[in-house]
Amino acid sequence: IIYQLLALMKGTRAAQMVTGLVLIFLVAFVAFWFQLEGLSWLFTNLATIGFIVLVIVFQPELRSMLAQMGHSRIFQTLTKVEEWKSLGEISRAVIRLSELRYGGLIVIEKSTGLRNYIETGKEINSTLSTEMLTTLFTPYTPLHDGAAIIQGEKIAAAACTLPLTQIPRYRRLFGMRHKAAIGVTEVSDAIAVAVSEETGQISIAFKGMLEKDIDRNDFRQRLADYIKK
């Protein structure tokens, strides 16, 4: 469990806090070793609430780890990911958005429920189709801003608000759409697909990482690869 938690923290804002925590523990060790009563009393009392503080600080990482450890995957029952009908519908829609240079953000739910984010947008619960997805992200339509969330063969909701990544280097490099794509994958096992309205570039986010500039001809296979993970 400790190893998995450390792996999940790698590259996140929680990792930046580890150095500070290590320094605190070193100071506490010195205080007890040299019997510094004032500091020893302080650290003894802080230790009683230390566990709660750690849970609060590392909440996103803990939530992600527990979700990955405690849930079975929604795609385990599929003999072949390529046979999943929605794969083709999503792939064609993303390629079309890229060709038209329509900005888009599509989130594919896996085992971690996304109800909290679905409720921030407009619930649709419609059959997934290339035409519907393309229409949703057509500029100036009511639901083109925000993310569309896919559940199985359905478009659950559109115009959804997602959490933004807290990783400093990503916050400097990317716009809101890509930061949201990375952010939702930091707290769930979802797959997020972002299409840039400026360049038509296609990106896939998974587990807090972003693969950029995916060739249109390769997109379907790359998406299938991520679904299998």
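Here the sequence shown is numbered in this note's numbering, starting from 76 and rising by one per residue. For each residue, glycine too, the CB sits at the ideal point set by N, CA and C. On a predicted model such as this, the values are computed, not experimentally measured, just so you know.
(message) Could you check whether A222 and V182 sit closer than 9 Å to each other, using their CB atoms as the reference points?
(response) Position 107 of the sequence shown, counted from the first residue, corresponds to residue 182. Position 147 of the sequence shown, counted from the first residue, corresponds to residue 222. Contact: yes.
(request) Give me whichever residues DSSP pairs with V102 in a beta bridge. (result) Counted from its first residue, the sequence shown places residue 102 at position 27. V102 has no beta-bridge partner at all, per DSSP.
(request) Answer yes if the segment 192-204 comes into contact with the segment 241-251, meaning at least three C-beta pairs across the two stretches below 8 Å, and no otherwise. (result) no
(message) Give me, in chain order, the residues of the same chain whose beta-carbon lies closer than 6 Å to that of L285; leave out the 5 immediate sequence neighbours on both sides.
(response) In the sequence shown, the residue the question calls residue 285 occupies position 210. Within the same chain, L285 has close Cβ partners I257, S278.
(message) If you follow the alpha helix (DSSP H) that I170 is in, where does it begin and where does it stop?
(response) For the purposes of this step, residue 170 is taken as the residue at position 95 of the sequence shown. Where I170 is concerned, the enclosing alpha helix (DSSP H) starts and stops at 160-175.
(message) Pop quiz: T195 and C235 are said to be a contact at Cβ under 8 Å. What is the actual Cβ separation, rounded to whole angstroms?
(response) Start at 1 with the first residue of the sequence shown, and residue 195 comes out as number 120. Start at 1 with the first residue of the sequence shown, and residue 235 comes out as number 160. Cβ atoms of T195 and C235 come within 8 Å of each other, at about 5 Å.
(message) In the DSSP output, which residue or residues are listed as bridge partners for S278?
(response) On the sequence shown, position 203 is the one that residue 278 refers to. The secondary-structure analysis by DSSP pairs S278 across a beta bridge with A269.
(message) Can you tell me which residues form a DSSP beta bridge with T202?
(response) Reading the sequence shown from its first residue, position 127 is the one you call residue 202. Per DSSP, K229.
(message) Using a 10 Å radius around the Cβ and a threshold of 16 neighbouring Cβ atoms, would you call R252 buried or exposed?
(response) Working through the sequence shown from its first residue, we reach residue 252 at position 177. Under this definition R252 is a buried residue.
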